[in-house]
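Down below is the structure, laid out as structure tokens.
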Amino acid sequence: MKRIRYGRIAALVAAGALVLTACGNDPVVAGGDSGGNGGGSEETSLSGELAGAGASSQEAAMQAWIAGFGAANPEAIVTYDAVGSGAGRTQFGEGAVAFAGSDSVMDDEERATAKERCGGTDAIHLPLYISPIAVVYNLEGVEDLQLSPATLAGIFNREITNWDDQAIKADNPGVTLPNKRIIPVNRSDESGTTENFTEYLAAAAVEAWPHEPSGDWPLQGGQSAQGTSGLVQTVQGGDGTIGYADASKAGNLGVAKIKVGDSYVEASSEAAAKVVDESPRLEGVPEGDLAIDLKRDTTAEGTYPIVLVSYLIVCKSYEDAAQGDLVKGFVSYVASEEGQAQAEQAAGSAPISDTLRSEVEASIESIAVGS
Amino acid sequence: MTTTGEPAAKSRPGKQRTPQRPGDLVFSFSAKAAGVLILLILAAVAVFLVVQAWPAIQLDSAELAEEVHWVGDAESLLDYVGPLVFGTVLAALIALAIATPIAIGVALFISHYAPRRLATSFGYVIDLLAAIPSVVYGLWGGLWLMPKLYPVFDWLATNLGFIPIFEGPAADPPRTILTAGIVLAVMILPIITAVSREVFLQAPTLHEEAALALGATRWEMIRMAVLPFARSGVISAAMLGLGRALGETMAVAMVLSPGLLYSFLILRPGQQQNIAANIALKFPESSGMGVNVLIFTGLVLFVITLVVNMLARWIVSRRAEFSGAN
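Same order as they appear, the protein sequences are chains A and B. Heads up, the first sequence is in numbering that gives the first Met the number 0, so the first residue is 0 and it goes up one at a time. Heads up, the second sequence is in numbering that gives the first Met the number 0, so the first residue is 0 and it goes up one at a time.
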């Protein structure tokens with residue numbers, strides 16, 4: 000009897016050990032080794048340690064960038080701590096990290112702190128991660144759904160509660176819509192996706208969306224879920240559900256076309272990159288700062304205005320020459336065609352356009368290194 | 000046994016004294032150190048919570064709204080914590096209401112009905128439930144359980160909707176407090192079962208045999224001899240389960256659409272939220288005062304669990320003379 004029991008315990012321990020080792024073997028980055036071969040062969044490769052922190056939206060892309068950059072510069076170690084935009088900007092201001100990733104632009108106070116941290120020069124925003132946000136839905140029998148901004152806002156403000164509502168019918172001529180209740184799903188955690196989505200609703204549907212843009216969903220008492228995967232799973236789990244998520248995570252859910260100007264536009268990388276090009280730069284920012292004043296209510300053809308733009312924030316000068324070179328090298332790689340392609344593959348982001356790239360390159364060039 | 004004879008003989012002439020060897024000293028010291036350490040850790044956690052929560056406690060309502068944007072319409076810190084406490088307790092009570100009867104049944108089956116050999120392995124299986132990480136329960140609840148619950152919830156809302164708590168329409172997918180309660184019930188089942196089983200096994204065999212000898216059926220014997228004896232033990236088992244249900248994070252965060260309302264609607268989404276899950280959701284994007292507010296909610300949870308556990312202890316000690324646990 001005793002022996003049997005010990006045998007059982009031993010089996011349990013062994014099973015536990017197996018489970019633990021299985022956890023440790025996670026592949027860190029997929030497709031990381033495909034980069035590098037082309038770049039960096041002629042330049043002297045960089046070395047040293049570079050630390051960044053910030054937005055979790057960039058995490059998947061950042062993993063790919065770090066892997067690609069590391070392949071070209073084996074001596075350089077770049078780390079990125081996805082602590083969230085706010086915490087990333089704080090750490091950058093404190094000088095704990097050399098660059099920050101952020102979904103939103105620094106406010107005046109943060110700019111002042113950053114200036115102090117950067118030895119009297121300004122910190123600048125570089126828009127290097129553009130991700131379209133798709134309006135996903137799960138409605139049996141409806142393949143193509145088209146929505147105007149006002150209808151979309153009405154649905155998410157729970158004014159439009161049934162799928163055969165007149166407003167939705169007007170957007171979808173010739174489509175039979177079921178008499179079913181609409182279940183809007185939002186994110187339950189604070190997120191950049193929510194912030195950008197509500198920013199869009201507030202700008203494009205002024206009358207139908209009375210709430211302030213915010214990273215927290217402004218309404219209570221509805222369906223919500225944690226994280227993009229949780230939201231997608233919730234939309235999947237119900238019938239008549241609608242939500243918003245990174246376009247790359249939409250999976251096999253229906254994706255609604257959104258009305259821009261006179262036509263309905265699909266969420267795509269090109270359309271997302273285009274709206275960034277169409278938008279003016281933010282005014283009153285230091286030279287070289289490329290913070291974008293996104294034109295959410297754009298009517299330009301072929302643009303998709305529900306996008307998340309995430310920045311890398313860097314100093315305009317680095318006293319430590321080695322650190323500065325490393326920052327410049329890394330950010331250049333991120334902005335390069337190869338870097339953007341890596342991010343598209345890993346995170347489904349939209350590669351920046353060539354126009355924007357040349358602007359970013361000029362900004363990177365202007366970063367002063369050493370004193 | 001033979002080795003202890005010699006030193007005992009040596010000390011016989013004087014006072015009767017227990018011999019001291021290095022092993023005794025080391026052992027008593029390490030045992031004491033372990034005991035003190037656990038108190039120190041508890042105190043350190045409490046101090047940490049109070050110190051970190053203090054800035055939030057001192058804020059007045061205007062500052063609070065300004066510094067922490069997600070408190071919403073809450074006028075004060077207590078206003079914000081109130082619904083969270085309500086949701087935490089509601090989810091835990093639902094879990095307890097479901098889990099306790101089942102756990103008692105399982106424990107009775109193991110202690111009094113099942114054949115010996117089956118009972119042992121059955122006990123292992125129940126204990127195994129406790130070893131499953133809560134995030135797995137969350138996944139299980141979200142991916143497997145939910146689609147199966149919806150028809151049931153829908154039926155409840157349509158047919159029993161006149162009872163206020165079942166007011167529909169039922170959420171689809173059913174990310175409601177009732178789902179969270181069911182998942183929590185499964186999670187606390189092992190601990191309640193394990194403790195109840197131990198208590199049932201300690202029911203005096205003489206009483207049981209006496210009851211049977213007087214012509215009682217097995218059910219009557221259990222009702223007369225086992226259950227009264229074990230009552231306080233079962234209550235404290237349920238309290239232990241309650242403690243775990245109160246503090247559960249991941250499973251709740253994964254199956255519940257949160258909301259901050261004092262609402263008894265258990266079939267509707269976005270009505271309630273539990274403290275631990277709220278911290279998990281808000282913490283990643285919080286900074287500054289937001290963190291202090293979250294830690295304050297953690298302090299409240301700490302106090303609630305402390306009170307629940309003390310209550311359990313008190314109930315047990317009140318009936319100590321009946322309980323086999325002491």
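No residue lacks a Cβ here, since even glycine has one placed at the ideal position from N, Cα and C.
TODO: Look at the alpha carbon of A212/B and the alpha carbon of S195/B, and state the distance between them as a whole number of angstroms.
DONE: Between A212/B and S195/B, the C-alpha separation is close to 25 Å.
- [ ] Give me whichever residues DSSP pairs with G51/A in a beta bridge.
- [x] Y79/A and F98/A.
Open item on the list: How far does the alpha helix (DSSP H) with G237/A in it extend, from its first residue to its last?
Closed with: That residue, G237/A, is in no alpha helix (DSSP H); it is neither H nor E in DSSP.
TODO: Check the DSSP bridge columns for V135/A and list the partner residues they point to.
DONE: G242/A and V254/A, per the DSSP bridge assignment.
Task: Backbone CA spacing between V306/A and V274/A [nearest angstrom] - done: 8 Å
- [ ] Give a yes or no on whether 8 Å exceeds the smallest Cβ distance from T233/A to chain B.
- [x] yes
- [ ] Report buried or exposed for R360/B, applying the criterion of at least 16 other Cβ atoms within 10 angstroms of its Cβ.
- [x] Residue numbering for chain B in the displayed model covers 0 to 325; residue 360/B lies beyond these limits and cannot be assessed.
- [ ] Assign I123/A to one of three DSSP states: helix, strand, or coil.
- [x] In the structure shown, I123/A sits in a strand (DSSP, three-state: E or B).
Open item on the list: Quick check for students: name the residue ranges of the beta strand (DSSP E) that lie wholly in the stretch 153-208 of chain A, counting only runs of 3 or more.
Closed with: 182-186
- [ ] For my contact list, A244/A and T233/A are in at a C-beta cut-off of 8 Å; report their separation, rounded to the angstrom.
- [x] Not really, about 10 Å apart at Cβ, beyond 8 Å.
Open item on the list: Run through chain A and tell me which residues come within less than 7 Å of W69/B, C-beta to C-beta.
Closed with: E189 and D215
Task: Span separating the alpha-carbon of D143/A from that of Y199/A - done: 22 Å
TODO: Take F161/B as the anchor and find which of L266/B, A52/B and T17/B has the nearest alpha-carbon.
DONE: L266/B
Task: Inter-residue Cα distance where the pair is M288/B and A42/B - done: 23 Å
Task: Burial state of V50/B, where buried means 16 or more other Cβ atoms lie within 10 Å - done: exposed
TODO: List the residues that DSSP assigns as beta-bridge partners of S309/A.
DONE: Y128/A
- [ ] May I ask you to verify whether the stretch 284-293 of chain A touches the stretch 245-255 of chain A, counting CB pairs closer than 8 Å and requiring at least 3?
- [x] no
Open item on the list: Let me make sure I understand the geometry here. Which of Y149/B, V307/B and I40/B has the alpha-carbon closest to that of D171/B?
Closed with: D171/B has its Cα closest to that of Y149/B, out of Y149/B, V307/B and I40/B.
Task: Per-residue contacts from T89/A into chain B (C-beta, under 7 Å) - done: S286
- [ ] Just tell me which of A252/B, L239/B and V225/B has its CA closest to the CA of T304/B.
- [x] L239/B
TODO: Report back the beta-carbon spacing between V333/A and L127/A to the nearest angstrom; my notes put them in contact at under 8 Å.
DONE: About 5 Å separates the CB atoms of V333/A and L127/A; that is less than 8 Å, so the two are in contact.
Open item on the list: Using a 10 Å radius around the Cβ and a threshold of 16 neighbouring Cβ atoms, would you call R295/A buried or exposed?
Closed with: buried
TODO: Could you please give the first and the last residue of the uninterrupted alpha helix (DSSP H) stretch that includes V264/A?
DONE: Per DSSP, V264/A belongs to no alpha helix (DSSP H); it is in the beta strand (DSSP E), S262 to V264.
Task: Reduced DSSP category for W267/B - H, G, I as helix; E, B as strand; rest coil - done: It is Arg, not Trp, that sits at residue 267/B in the sequence shown. R267/B: coil per DSSP, three-state reduction.
Task: Any 3 or more C-beta pairs closer than 8 Å across the stretch 204-211 of chain A and the stretch 180-195 of chain A - done: no
TODO: Quick one: which residues of the stretch 144-160 of chain B get their C-beta closer than 7 Å to a C-beta of chain A? List them in chain order.
DONE: M145 and P146
Task: Spatial distance of A102/B from A113/B (CA atoms) - done: Each residue's alpha carbon lies about 15 Å from the other.
Task: Straight-line gap, P6/B to D23/B (C-alpha atoms, nearest Å) - done: Residue placement at P6/B is flagged as unreliable, the pLDDT there being 48, under the threshold of 50; the coordinate-derived value follows with that caveat. Answer to the nearest angstrom: the Cα atoms are 15 Å apart.
TODO: May I ask you to report which of helix, strand or coil DSSP gives V259/A?
DONE: Strand, per DSSP.
Open item on the list: Using a Cβ-Cβ cutoff of less than 8 Å, which residues in the same chain neighbour I351/A once the five nearest sequence positions on both sides are dropped?
Closed with: P126, L127, I129, A272, V275, A334, Q339 and V359
- [ ] May I ask which residues mark the beginning and end of the alpha helix (DSSP H) holding Q90/A?
- [x] Its alpha helix (DSSP H) spans residues S84 to E93.
TODO: Output yes or no for whether 8 Å exceeds the beta carbon distance between G229/A and M253/B.
DONE: yes
TODO: Give, in chain order, every residue of the stretch 63-89 of chain A whose Cβ lies closer than 7 Å to some Cβ of chain B.
DONE: So the close ones are G83, G85, A86 and T89.
Task: Rounded straight-line distance, which links the Cα of K147/B to that of Y310/A - done: 43 Å
- [ ] Mind listing the chain B neighbours of S55/A? Cutoff is C-beta to C-beta under 9 Å, in chain order.
- [x] P283 and E284
Open item on the list: Closer than 8 Å is the cut-off here; do at least three beta carbon pairs connect the stretch 130-138 of chain B with the stretch 154-169 of chain B?
Closed with: no
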